[in-house]
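In the numbering used here, the protein residues as written are 5 to 318.
Built from N, CA and C at the ideal position, the CB exists for glycine as well.
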């Protein structure tokens, strides 16, 4: 029994060991299976991870390429921006230069405009002065024309009066030469009457040419204490006194002097170019033409211009 019990114990021990081994084997198989199942899951997980990683690598490569392209584009953009900035700076510089030149040109134009305005104002003032001076010259020319016309008329009258006086004196000389006293014992006082041209013409008588006497000889012959020796019954005796003859000679000399003065004044107007116009006026008798000649013609403008500006300024 003891042996059986020991044998059974041994068998029981062996069985326990066998069961234990079987359990260990079963556990190892289960563990192996579990491990195999875990490895498959891990493998699938790894495969999925690999696929994800590969996909991410592809995406990363694409993103790198995009980033590189963006960098290239960015560099090109920087270059474009730099070129644009350079062009902008150049354009800004050109605009600044153009603006400065325009400012200088505008200042020059403004200065020229101010100078032109000053010149225009001066020219307007000068034109006003010229207009006033022209009006003064017109009045002076009109006055000069009128004075010259008066002088010309006065000259004509003086010449006529001088010719009349010369004719009277010549008639007196002829009368004295033809009717000198033959009877010195008879004297007749002369009436103090005035002489006229008609009276002198009545005293003139035809005959031989009279003897030429000087004024002193004529006065000595006529002056005998303010009386003249003549025949009272002579109807052609002279009706003038020696004082009247002296007055007549004095008046003739004054007329000659006045005639010389008038001729000198007319020579002045003749040098100014007015005398010919006045002669033409006296010949034609047209006042309007002479007025246009002296007032509004080229002659007036020429005289005014030369009066205003010397020859060296033309």
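(message) Between which residues of its own chain and residue 256 is the CB-CB distance below 6 Å, once the five residues before and five after are set aside?
(response) Counted from its first residue, the chain shown places residue 256 at position 252. 169.
(message) Assuming contact is defined by CB atoms lying nearer than 8 Å, are residue 165 and residue 249 in contact in what I supplied?
(response) The sequence position of residue 165 within the chain shown is 161, counting from 1. The sequence position of residue 249 within the chain shown is 245, counting from 1. Their beta carbons are not under 8 Å apart, which means residue 165 does not touch residue 249 by this criterion.
(request) Would you mind giving the Cβ-Cβ distance between residue 159 and residue 263, rounded to the nearest angstrom? I have them listed as a contact below 8 Å. (result) Counting from one through the chain shown, the residue named residue 159 turns up at place 155. Counting from one through the chain shown, the residue named residue 263 turns up at place 259. Contact holds; Cβ gap of about 7 Å.
(request) Compute the Euclidean distance between the alpha carbons of residue 43 and residue 53, then round it to the nearest angstrom. (result) As a first step, residue 43 is located in the chain shown; it is residue number 39 there, counting from the start. As a first step, residue 53 is located in the chain shown; it is residue number 49 there, counting from the start. Roughly 14 Å between the two C-alpha positions.
(request) Can you say whether residue 172 is buried or exposed, counting buried as having 16 or more other CB atoms within 10 angstroms of its CB? (result) Here residue 172 refers to the residue found at position 168 of the chain shown. Residue 172 comes out buried.
(message) Less than 8 Å between the beta carbons of residue 162 and residue 272, yes or no?
(response) Taking the first residue of the chain shown as position 1, residue 162 is located at position 158. Taking the first residue of the chain shown as position 1, residue 272 is located at position 268. Result no, Cβ atoms of residue 162 and residue 272 do not sit closer than 8 Å.
(request) Taking only runs that begin and end inside the segment 152-185, name each unbroken beta strand (DSSP E) of 3 or more residues, in chain order. (result) none
(request) Tell me whether residue 145 is buried or exposed, calling it buried when 16 or more other Cβ atoms sit within 10 Å of its Cβ. (result) Within the chain shown, numbered from 1, the residue matching residue 145 stands at position 141. Looking at its Cβ environment, which holds 16 or more other Cβ atoms inside 10 Å, residue 145 is buried.
(request) Alpha carbon to alpha carbon, how far is residue 116 from residue 110? Give it in angstroms, no decimals. (result) On the chain shown, residue 110 is found 106 positions in, with the first residue counted as 1. On the chain shown, residue 116 is found 112 positions in, with the first residue counted as 1. Answer to the nearest angstrom: the Cα atoms are 10 Å apart.
(request) Would you tell me roughly how many angstroms separate the C-alpha atoms of residue 20 and residue 51, rounded to the nearest one? (result) As a working note, residue 20 is residue 16 in the chain shown. As a working note, residue 51 is residue 47 in the chain shown. Going from the Cα of residue 20 to the Cα of residue 51 covers about 44 Å.
(message) Using 8 Å as the threshold, is the C-beta distance between residue 113 and residue 269 below it?
(response) The count along the chain shown starts at 1 and reaches residue 113 at position 109. The count along the chain shown starts at 1 and reaches residue 269 at position 265. The answer is no: Cβ separation not under 8 Å.
(request) Measure the alpha-carbon distance for residue 48 versus residue 41 and round it to whole angstroms. (result) Here residue 48 refers to the residue found at position 44 when the chain shown is read from its first residue. Here residue 41 refers to the residue found at position 37 when the chain shown is read from its first residue. Each residue's alpha carbon lies about 10 Å from the other.
(request) Return the CA-CA distance between residue 28 and residue 38, expressed in angstroms with no decimal places. (result) Walking along the chain shown from the start, residue 28 turns up at place 24. Walking along the chain shown from the start, residue 38 turns up at place 34. Spanning the two alpha carbons is a distance of roughly 14 Å.
(message) Let's test the definition: count the other Cβ atoms within 10 Å of the Cβ of residue 178 and tell me whether it reaches 16, buried, or not, exposed.
(response) Position 174 of the chain shown, counted from the first residue, corresponds to residue 178. Buried: at least 16 other Cβ atoms inside 10 Å.
(request) Spatial neighbours of residue 89 within its chain, please: CB distance less than 6 Å, with the 5 preceding and 5 following residues excluded, ordered by chain position. (result) Within the chain shown, residue 89 is the residue found at index 85, counting from 1. No residues qualify anywhere along the chain.
(request) Would you tell me roughly how many angstroms separate the C-alpha atoms of residue 17 and residue 56, rounded to the nearest one? (result) The sequence position of residue 17 within the chain shown is 13, counting from 1. The sequence position of residue 56 within the chain shown is 52, counting from 1. Each residue's Cα considered, the two are about 55 Å apart.
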